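In the order they appear, the protein sequences are chains G and B. Using the working numbering, you'd call the opening residue of the first sequence number -5 and step up by one each time. Using the working numbering, you'd call the opening residue of the second sequence number 44 and step up by one each time. From the three backbone atoms N, C-alpha and C, an ideal C-beta is built for every residue, glycine too. Bear in mind that the values here come from a model prediction, so they are computed numbers and not experimental data.
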Amino acid sequence: MWWNLIEQIFPYAIAYTVPLLITALGGLYSERSGVVNIGLEGLMVVGFFTSAFVISQLESILPGTAIWLGLLLAMIAGALFSLLHAFACVTLNANQVISGTAINMIAGALTVYLARHMTGSGNILIVHGLVRRNIPVLAKIPILGRLFFTQTYATTWVVLAILLVSWFLLYKTPFGLRLRACGEHPQAADAAGINVYRMRYLAVLISGACAGLGGAVILVTYAGEFNGSVAGLGFLALAALIFGQWKPLGILGATFFFGLASTIANVSQAIPALAKIPGILLKNFPYIVTLLVLVFFSKTTQAPRAAGEPYDKGKR
Amino acid sequence: MKKEMRKEYTIALVAVGLGLLAGALLMLVTGNNPILGFIYLISGGLMNIERIGNTLATATPLIFTGLSVAFAFKTGLFNIGGAGQMLIGGLCATVIGLTLNWPKPLLLTVIIIASALGGALWGLVPGWLKAKFNVHEVVCTIMMNWIAYWSVYYIIPAYFKGAYLETESRRIPEAASLKVGWLTDLFRGSYINLGFFLAIIAVVVIAYILERTTLGYELKAVGLNRYAAEYAGIQSNRNIILSMMIAGACAGLGGAAFYVGYASNMQIGVLPSQGFDGVAVSLLGANSPWGVFMAAIFFGVLHSGKGFMNAMTQVPPEIADSIIATIIYFSATSVLIEKYWGRLQKRLAEKEKTGPPLVAEEEIKEKVGGAS
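And the structure:
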């Protein structure tokens, strides 16, 4: 019975994990370069809105491609919006947490304003989302095939590919080394001839694109409708970043854990074994676990040393 | 000191101006007349005595959450858990209002104390985790917001379900409401309630704590430099916890002012936006208690006028939130304003070199009494 249960909820858990994963990965770029990005939540909302707008406008003309166009434009919109954060934090040395909070509020208010202007209700519905598919050969593998390769969304594989590329980029290329150097000791990086400002701009832009994609993935997989909020997923992604100790594989593990926890909370009503547990406990479970995890991981923190500090050229 | 204050006011005013400008642009882009929009927005908040009362009632929770953010900020902590602290404060107030059957003065006293304690508890957790385990208070307060959200979501329908709807609590009895007859009559039936006076008291108390007590001095010292404060013998951990508790208590009182003052029942499934608006209020008010008060009244006008504006024009009510959010962004990037302001002043000073020297003029102004 338990095995059956796991098989049932696994696709959902993965669906919840993917937007978190890509957003946390964006946060990884930004924080590794030394800029804390609290605005991930808002950037997700921007991607959520953009994809909903694009897909709802185009899906009758370009069925199929509209979804991918929506995802792409969501990334671009997220990147453009994150320029606001980069400008405040990198060029103006503003308080990064306040700027991020402003991004969240602007994104929330602006997208709902525009959506309401378009539809009246403020919700944008898309008719077709992505279709779940089985991967041809791999789905036949016993156990693993059932868990990982059946009923998957194409976006899951895109995001995993981005994760892999990011790992390579950050740890195996000069670019990655430079980016991480900016987050650990920007003065040293500068002395070595790296343009810290440009590096940080680039990292924040990537984080915006990733978060935008995260918001769009929510739309085309399990939401199907823009409603103005991603319900704290951006902040959960930040928590996953800490839990994953600012490492790509750590983030994968952390986000999957959160995805599983929220899936258990969400599907509990449909599963007799879980329905007995009071809803208040199940719904709070992911957040309480996050707090506990933070307690364990915050003392021995591996945070980039210069994260959150504006780069001051004159400082030693 | 005076010059510093004047600079902060200038920044706040420029940020407000830029925010309103962004709002105007947004209205223009979506095909509305911004001048008309602003006329309806402002008159919707201040048109008559009833609307002024509503504006003050809307501003009341914002004063509390603004104070909450400002107070934590003085200790170097960023409290974006105002929403959750408000919810818990409101939950405590509602629960007591619906269970106890006491005379009004006594009941209100208990409600106010309970809501402050509830909020303080919701601030204690992030404060303690920050002091003890170095957990980042931003992520932590956000988690506490969602825990409050889901707790209210299940507690209200289970024990205090409304007569008609599953998604709200029963109406609180008249004895448990912060609304009082004479005040409602004075403002021609508006939502204004005792919470507003409570907010003024809170502003005075917080200003007193920060400016006149050892506690306030220690909190500010920890905020400026935690290590220097510790070297001077100040227990920074204790102060971090205390600061978050007081900040939480402020937001909790805001919850009482909102749920048993402005409203008379609790809706589930809503994270009150006042928690996040408190960040804007605090920033615009330059983290000073009276600055918070003024900023909250201003946002109160925007929020209470947006409904009227929406009824009279095609502008969606979210324009108010967009303006507020833009104001925060410009407050965050105040460096830019400062730079241009400084450059402008320098240019003015250069122009006046032929006239009487600027320093002397400043001195004269100071002696006359700083009238400008």
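Name, in chain order, the residues that DSSP records as bridge partners for threonine 146 of chain G.
Start at 1 with the first residue of the first sequence, and residue 146 of chain G comes out as number 152. Answer is G:Arg127.
Taking one C-beta from the stretch 277 to 294 of chain B and one from the stretch 88 to 102 of chain B each time, how about it: are there three or more such pairs within less than 8 Å?
no
Three CB pairs or more closer than 8 Å across the stretch 23 to 43 of chain G and the stretch 66 to 84 of chain G:
yes
Interface partners of threonine 356 of chain B on chain G, CB under 8 Å
The residue given as residue 356 of chain B occupies position 313 in the second sequence. In chain order: nothing, as chain G lies at least about 12 Å away.
What are the complete alpha helix (DSSP H) segments, minimum 4 residues, inside the stretch 62 to 116 of chain B?
77 to 89
Can you list the residues of chain B that arginine 26 of chain G reaches, using a CB-CB cut of under 7 Å?
As a working note, residue 26 of chain G is residue 32 in the first sequence. The contacting residues do not exist; arginine 26 of chain G stays about 17 Å from chain B at best.
List, in order along the chain, the chain G residues whose C-beta lies closer than 7 Å to that of alanine 375 of chain B?
Translated into the one-based positions of the second sequence, residue 375 of chain B becomes position 332. Per Cβ cutoff of 7 Å: Ala82, Ala88, Asn89, Ile92, Ser93, Ala96.
By the criterion of Cβ-Cβ separation under 7 Å, what are the contact partners of arginine 110 of chain G in chain B?
Position 116 of the first sequence, counting from 1, holds the residue named residue 110 of chain G. Residues of chain B passing the Cβ test: Pro359, Glu361.
Let me check one thing: in DSSP terms, what residues is lysine 204 of chain B bridge-paired to?
Residue mapping note: residue 204 of chain B aligns to position 161 of the second sequence, counting from 1. B:Ser212.
Pull out every residue of the stretch 114 to 126 of chain G whose Cβ sits closer than 7 Å to any Cβ of chain B, in chain order.
none
Within the 8 Å Cβ cut-off, does threonine 284 of chain G reach chain B?
As a working mapping, residue 284 of chain G is identified with position 290 in the first sequence. The C-beta of threonine 284 of chain G comes closer than 8 Å to at least one C-beta of chain B.
Between G:Asn89, G:Ser93, G:Pro5, which lies nearest to valine 37 of chain G when the distance is taken from Cα to Cα?
Taking the first residue of the first sequence as position 1, residue 37 of chain G is located at position 43. The identity of residue 37 of chain G in the sequence shown is leucine, whereas the question assumes valine. Distance from the Cα of leucine 37 of chain G is smallest, within the candidate group G:Asn89, G:Ser93, G:Pro5, for G:Ser93.
Burial state of glutamine 128 of chain B, where buried means 16 or more other Cβ atoms lie within 10 Å:
Looking up residue 128 of chain B in the second sequence gives position 85. Answer is buried; the Cβ neighbour count reaches 16.
Is the stretch 164 to 176 of chain G touching the stretch 140 to 156 of chain G in the sense that three or more CB pairs, one from each, lie closer than 8 Å?
no
Answer with yes or no whether the minimum CB distance from methionine 99 of chain G to chain B is below 8 Å.
As a position in the first sequence, residue 99 of chain G is number 105, starting the count at 1. So yes, methionine 99 of chain G belongs to the interface.
Express the C-alpha separation of isoleucine 212 of chain G and isoleucine 106 of chain B in angstroms, rounding to a whole number.
Translated into the one-based positions of the second sequence, residue 106 of chain B becomes position 63. Translated into the one-based positions of the first sequence, residue 212 of chain G becomes position 218. Going by the C-alpha atoms only, they are around 36 Å apart.
Roughly how many angstroms lie between the CA atoms of glutamate 219 of chain G and leucine 254 of chain G, to the nearest whole one?
For the purposes of this step, residue 219 of chain G is identified with residue 225 of the first sequence, where counting begins at 1. For the purposes of this step, residue 254 of chain G is identified with residue 260 of the first sequence, where counting begins at 1. Rounded to whole angstroms, the gap between the alpha carbons of glutamate 219 of chain G and leucine 254 of chain G is 22 Å.
Count the other C-beta atoms from every protein chain shown that fall within 10 angstroms of the C-beta of proline 180 of chain G, then say buried if there are 16 or more, exposed otherwise.
One-based indexing of the first sequence puts residue 180 of chain G at position 186. Buried, by the Cβ-count rule.
Label threonine 256 of chain B either buried or exposed according to how many other C-beta atoms from any shown protein chain fall within 10 Å of its C-beta, with 16 as the threshold for buried.
Position 213 of the second sequence, counted from the start, is the residue given in the question as residue 256 of chain B. So threonine 256 of chain B ends up on the exposed side.
Pair every Cβ in the stretch 103 to 119 of chain B with every Cβ in the stretch 247 to 263 of chain B, then say whether three or more of these pairs are closer than 8 Å.
yes
Distance cutoff 8 Å, beta carbons only. Does tryptophan 384 of chain B sit that close to anything in chain G?
As a first step, residue 384 of chain B is located in the second sequence; it is residue number 341 there, counting from the start. Taking Cβ atoms only, chain G never reaches closer than 8 Å to tryptophan 384 of chain B, which makes this a no.
Proximity below 8 Å, CB of phenylalanine 301 of chain B to CB of valine 246 of chain B
Looking up residue 301 of chain B in the second sequence gives position 258. Looking up residue 246 of chain B in the second sequence gives position 203. No; because the gap between Cβ atoms is not below 8 Å, this pair is not in contact.
I want to know whether the stretch 236 to 252 of chain G touches the stretch 3 to 23 of chain G - three or more CB-CB distances under 8 Å.
yes
Between serine 212 of chain B and chain G, is any beta-carbon pair separated by less than 8 Å?
Reading the second sequence from its first residue, position 169 is the one you call residue 212 of chain B. So no, serine 212 of chain B is outside the interface.
8 Å is my cut-off, CB to CB: does asparagine 280 of chain B come that close to chain G?
Position 237 of the second sequence, counting from 1, holds the residue named residue 280 of chain B. No, no contact with chain G.
Start and end residues, alpha helix (DSSP H) containing tryptophan -3 of chain G
Position 3 of the first sequence, counted from the first residue, corresponds to residue -3 of chain G. Per DSSP, tryptophan -3 of chain G belongs to the alpha helix (DSSP H) from -4 to 26.
Near alanine 82 of chain G, what residues of its chain come up, given a Cβ to Cβ distance below 6 Å and the 5 sequence neighbours on each side ignored?
As a first step, residue 82 of chain G must be located in the first sequence, where it is residue number 88. Result list for alanine 82 of chain G: Ala88, Ser93, in chain order.
Does any C-beta atom of chain B lie closer than 8 Å to the C-beta of asparagine 221 of chain G?
As a first step, residue 221 of chain G is located in the first sequence; it is residue number 227 there, counting from the start. Answer no: the Cβ-Cβ gap between asparagine 221 of chain G and chain B never drops below 8 Å.
Within 10 angstroms of its Cβ, does valine 125 of chain G collect 16 or more other Cβ (buried), or is it exposed?
Taking the first sequence and counting its residues from 1, the one referred to as residue 125 of chain G is at position 131. Flag for valine 125 of chain G reads exposed.
Hey, is the stretch 341 to 357 of chain B in contact with the stretch 150 to 168 of chain B, meaning 3+ C-beta pairs nearer than 8 Å?
no
Any beta carbon from chain G within less than 8 Å of alanine 55 of chain B's own beta carbon?
Locating residue 55 of chain B in the second sequence gives position 12, counting from the first residue. No, alanine 55 of chain B lies away from the interface with chain G (no Cβ there is under 8 Å from its Cβ).
Cβ shell of phenylalanine 239 of chain B (< 6 Å), same chain only, five flanking positions each side left out:
Here residue 239 of chain B corresponds to residue number 196 of the second sequence, with the count starting at 1. These residues qualify, in order along the chain: Leu99, Thr103.
First and last residue of the uninterrupted alpha helix (DSSP H) at leucine 280 of chain B
On the second sequence, position 237 is the one that residue 280 of chain B refers to. Rather than leucine, the amino acid found at residue 280 of chain B in this sequence is asparagine. Looking at the DSSP string, the run of the alpha helix (DSSP H) that includes asparagine 280 of chain B is 279 to 300.
Alpha helix (DSSP H) segment containing cysteine 83 of chain G, residue limits:
Numbered from 1 along the first sequence, position 89 holds the residue referred to as residue 83 of chain G. Counting along the chain, cysteine 83 of chain G falls outside any alpha helix (DSSP H), and DSSP gives it neither H nor E.
Partners in chain B for valine 314 of chain G, counting only beta-carbon separations shorter than 7 Å
The first residue shown for chain G is -5 and the last is 310, placing residue 314 of chain G beyond what the model contains.
Return the residues of the stretch 93 to 124 of chain B that lie within a Cβ-Cβ distance of less than 8 Å from chain G, sorted by chain order.
Taking 8 Å as the Cβ-Cβ cut-off against chain G, the residues of the stretch 93 to 124 of chain B that qualify are Phe121, Ile123.
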